[in-house]
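Take a look at the structure below.
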DNA sequence: GGTGATCCTGCTCAGATGAGCATCCGAGCG
DNA sequence: CGCTCGGATGCTCATCTGAGCAGGATCACC
């Protein structure tokens, strides 16, 4: 395609897309046949001169979703558009909304849904509509009550999801991480706790997020880890955590001793599940998102456009 | 349109624009008739959810051009797209290119073209192609030789435009602004100078830019004005200059005494012309551009998208 | 200069789309 | 309870558009 044709294709595109002329009219204006105009427009598209964006908080990027499914082996992928996003909060909100939409449309409806907790999960619970399902029971899959400053966020999340879904919530009454392995083992052998974890293992689907390995982590905020602990984990290669368990870029446990003191479903149990929905958004979580997908921790990923593109670049 | 339809229109738009499905296929996917799909897409467009951009340095914004013609009474308007522009330089280059294109396509071809000088005009001269016209003579319409640091920029501009257009250039051998009114009058009464100005008055078309009233002005750079002079002009309401003459936001001369010492065509002579092409780009020149258009100093405006939108906002 | 390959052009034709219209549905009202 | 009216719905039909194809120009290579 020479420069003349390139320019003509631009002129044609202006008349076609901005002035709503027919290809025939454009042909008359530019002294071309309408077939030539059609071909110029096709070339303009194909060469990327035409960008069509859907500007809406609920807009998704289907081509990227397809690539994620095909190239990264996901069962399903939901990618929200970043077009016109001004703040990280808005991106979080859009992603949470998309996750809520996905859950609502999910068929068959899971009878038992295992959930983690955190900022993202809370957002999702808030975006779900009353009656999003009829009778979904929710069970927490990792510990994390009481120490949280905003008391009961973890519990409130599970309860909200369950209530709006017409079911009940089963909470895991345990800290996320214990200081002594013996305490952790003692807690896990408690009949109630063991029962909840058994229930969690039997869930039809899991919904969880991932945290970045940095000082803004909820584990730091909640007091389970110190900033020094996190620095150490990063030194060992940690890119983030999933259900409280820190992983490196290959999805392997970074610190087995720490992991042994962490209460809840193990990553392998998560991996074995039929339906594991990870909701991960924001540029800070690109690395964890990659580790989660790479190590097949999730079968479904809900994320934002830029994270998705990061996953596809690698 | 309720929320359900809004969401459906977004889903339909995704399938239509990103997945290249037909409206019929979308209808099957979303359980709608194809007519409903067509209406949803029309609404999505009409409500601004669909943005189509033409990404190309030569892309123009025809709808904005039309509005400029209709709402601001211009004979013609050329608006280059700012889509994908990263630097102010690129915007300048795009606008200069558009001006060169406009000149090249101009019919009837002017026999004599009056030009000013400056950064923008120089850029235009560089973007013109050899043989852009067959025999266009160029005449400078305002003074400005010799003091310029990059010696001969003003002259080089006129000469390049003329040479590439197969004609010859007539330079105005005078400074832009003189320190004494008497000197200015003496220069203007010089036979050669008077002859050039007469020739300039008889030009078929004028091509000029405008400068912002700030310290980066070419008049400061060239030594015709001090920064203090400019500050004073701004105090008096100056928004910028056209062919060396400083105007306020209504297009009136700000400092008649200074104006009287300025050599070249007067603004009223410019206003009286059949074809006056102003080329003004960049956010620093929004105010001058507005003054130029408002006071009808130009009949044709070549500018960038954001400047054009600024003109239409007021 | 001949020859084949390649690309481009303008065409036919079928499928996709938008305008306009009759019909239907539900809200509001007597 | 029946009536009217505005808006939505599904249709017909004309127009627009893209796929595929045959003929012709162009070019490299012999």
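Protein chains in written order, with UniProt numbering: chain X, 1 to 314; chain U, 1 to 314.
From the three backbone atoms N, C-alpha and C, an ideal C-beta is built for every residue, glycine too.
If you're wondering where the values come from, they're calculated on a predicted model, not measured in any experiment.
Proximal chain X residues relative to residue 56 (chain U), where beta-carbon distance stays under 7 Å: By Cβ distance, chain X contributes 10, 49.
What distance in whole Å lies between the Cβ atoms of residue 247 (chain U) and residue 291 (chain U), which are believed to be in contact at a cut-off of 8 Å? With a Cβ gap of about 5 Å, residue 291 (chain U) and residue 247 (chain U) count as contacting.
Positions along the stretch 233-259 of chain X whose CB lies within less than 9 Å of some CB in chain U: Of all residues in the stretch 233-259 of chain X, none is placed with a Cβ closer than 9 Å to any Cβ belonging to chain U.
Just reading off the alpha helix (DSSP H) that residue 17 (chain X) is part of, what are its end residues? Per DSSP, residue 17 (chain X) belongs to no alpha helix (DSSP H) and is neither H nor E.
Taking the DSSP output, what are the residues bridged to residue 50 (chain U)? Looking at the DSSP assignment, residue 50 (chain U) forms a beta bridge with X:54.
Three-state secondary structure (DSSP) at residue 31 (chain U)? The DSSP-derived three-state label of residue 31 (chain U) is coil.
Which chain U residues are close to residue 224 (chain X), counting only those with a beta carbon under 7 Å from its beta carbon? Within 7 Å Cβ-Cβ: nothing; residue 224 (chain X) doesn't reach chain U, min ~39 Å.
Exposed unless 16 or more other CB atoms sit within 10 angstroms - verdict on residue 33 (chain X): So residue 33 (chain X) counts as exposed.
Between the alpha carbons of residue 68 (chain U) and residue 79 (chain U), how many angstroms are there, rounded? So the two alpha carbons sit approximately 9 Å from each other.
Mapping DSSP to helix, strand and coil, what is residue 284 (chain U)? Note: residue 284 (chain U) maps to helix in three-state DSSP.
Residue 147 (chain X), DSSP secondary structure in three states: Here residue 147 (chain X) scores only 49 on pLDDT, less than 50, and its place in the model should not be relied on; the value that follows carries that caveat. In the three-state scheme derived from DSSP, where H, G and I count as helix and E and B as strand, residue 147 (chain X) is classed as coil.
7 Å Cβ cut-off: residues of chain U touching residue 71 (chain X): Chain order gives no chain U residues near residue 71 (chain X), where near means a beta carbon separation below 7 Å; the closest approach is about 17 Å.
Opposite residue 208 (chain X) in the DSSP bridges: which residues? Beta bridge pairing from DSSP links residue 208 (chain X) with X:278.
Cutting at 7 Å between CB atoms, please list the residues of its own chain near residue 127 (chain U), excluding the five before and the five after it. In the same chain as residue 127 (chain U), and ignoring 5 residues on each side of it, the C-beta atoms closer than 7 Å to its own belong to 96, 97, 100, in chain order.
8 Å Cβ cutoff, residue 26 (chain X) in contact with chain U: It does not: the Cβ of residue 26 (chain X) has no partner Cβ on chain U nearer than 8 Å.
For the alpha helix (DSSP H) holding residue 337 (chain U), just list the boundary residues, first then last. Since the first residue shown for chain U is 1 and the last is 314, residue 337 (chain U) is missing from the structure and cannot be characterised.
Alpha carbon of residue 129 (chain X) to alpha carbon of residue 191 (chain X), nearest angstrom: Distance from the CA of residue 129 (chain X) to the CA of residue 191 (chain X), rounded to the nearest whole angstrom, comes to 34 Å.
Simplified DSSP assignment, three categories, for residue 107 (chain X): If DSSP states are grouped into helix, strand and coil, residue 107 (chain X) belongs with coil.
Which bits of chain U does residue 34 (chain X) rub up against, with CB to CB less than 7 Å? Under the 7 Å cutoff, chain U gives no residues; its nearest Cβ is about 19 Å from residue 34 (chain X).
Check whether the Cβ of residue 59 (chain X) lies closer than 8 Å to any Cβ atom in chain U. It does; some Cβ of chain U falls within 8 Å.
Any beta strand (DSSP E) of 3 or more consecutive residues that is wholly inside the stretch 194-238 of chain U: Considered as a whole, the stretch 194-238 of chain U harbours 205-208, 210-212 as its complete beta strand (DSSP E) runs of no fewer than 3 residues, in chain order.
Listing by chain order, which chain X residues have their CB less than 9 Å from the CB of residue 102 (chain U)? Under the 9 Å cutoff, chain X gives no residues; its nearest Cβ is about 13 Å from residue 102 (chain U).
Which chain X residues are close to residue 7 (chain U), counting only those with a beta carbon under 8 Å from its beta carbon? Within chain X, the residues near residue 7 (chain U) are 58.
In DSSP terms, what residue 140 (chain X) is bridged to: Its beta-bridge partners are X:115.
Within 8 Å (strictly less), CB to CB, does residue 19 (chain U) reach chain X? Using a Cβ-Cβ cut-off of 8 Å, residue 19 (chain U) counts as an interface residue toward chain X, since at least one Cβ of chain X sits closer than that to its own.
Which of helix, strand or coil does DSSP assign to residue 2 (chain X)? Residue 2 (chain X) falls in the coil class under three-state DSSP.
Proximity winner among X:182, X:117, X:11, relative to residue 155 (chain X) (alpha-carbon distances): Out of X:182, X:117, X:11, X:117 has the C-alpha closest to the C-alpha of residue 155 (chain X).
Assess, as a yes-or-no matter, whether the stretch 21-40 of chain X is touched by the stretch 4-12 of chain X under the definition of 3 or more beta carbon pairs within less than 8 Å. Yes: at least three Cβ pairs fall under 8 Å.
Of the residues U:122, U:91, U:87, the one placed nearest residue 209 (chain U), counting alpha carbons only: The shortest Cα separation from residue 209 (chain U) among U:122, U:91, U:87 belongs to U:122.
How is residue 301 (chain U) classed by DSSP in three states: helix, strand or coil? Here residue 301 (chain U) sits in strand by DSSP.
Are the stretch 129-138 of chain X and the stretch 161-177 of chain X in contact at 8 Å, needing three or more beta carbon pairs? They touch, by the three-pair rule.
Could you tell me whether the Cβ of residue 53 (chain X) comes closer than 8 Å to any Cβ of chain U? Chain U contact via Cβ: present.
Between residue 13 (chain X) and chain U, is any beta-carbon pair separated by less than 8 Å? Closer than 8 Å to some Cβ of chain U, the Cβ of residue 13 (chain X) qualifies, so yes.
Count the CB pairs spanning the stretch 49-64 of chain U and the stretch 274-284 of chain U that are closer than 8 Å, and state whether there are at least three. Segments in contact, no.
Does the Cβ-Cβ distance between residue 230 (chain U) and residue 222 (chain U) come in under 8 Å? No; because the gap between Cβ atoms is not below 8 Å, this pair is not in contact.
Hey, how far is the Cα of residue 181 (chain U) from the Cα of residue 227 (chain U)? Cα to Cα, the separation comes out at about 21 Å.
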